[in-house]
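Numbering (UniProt numbering), first residue to last: 1 to 103.
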């Protein structure tokens, strides 16, 4: 959607607020049943995931190192998976630069 400049939902935040306080409520305003919702690392929050699940949708949330224990747990899970469960399987990692950031 971002590359095609498509906005699926938008909420105006107050001058004294930011998207973290407003985004958790966005799924309740959209018809997302059966959809897969993707969101950047800011959206990796329990309340956002819970609201997506309430709307009977699935999600893919980005995760960055500033999520501490969660980041470590997920990284360990995939590291062990590569070593044990997916041994011999093809693995693909894609990185690209978008607006100066590596994604």
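Idealized CB from N, CA, C, for every residue including glycine.
Residue from the options whose Cα sits closest to the Cα of residue i
i	options	result
residue 42	80, 10, 96 and 64	64
residue 24	15, 39 and 16	39
residue 92	84, 98, 78 and 68	78
residue 11	28, 4 and 3	28
residue 60	46, 87, 16 and 86	46
residue 19	98, 44 and 99	44
Residue i classed as buried or exposed, judged by whether at least 16 other C-beta atoms fall within 10 angstroms
i	result
residue 26	buried
residue 48	buried
Would you call the segment 24-35 and the segment 52-60 in contact, with 3 or more CB pairs under 8 Å? In short, these stretches touch, since the Cβ pair count reaches three.
Start-end ranges of the alpha helix (DSSP H) lying completely within the UniProt domain "Transposase IS4-like" (3-91), minimum 4 residues: At a cut-off of 4 residues, the continuous stretches assigned as alpha helix (DSSP H) that sit fully inside the UniProt domain "Transposase IS4-like" (3-91) are 19-22, 46-54 and 69-80.
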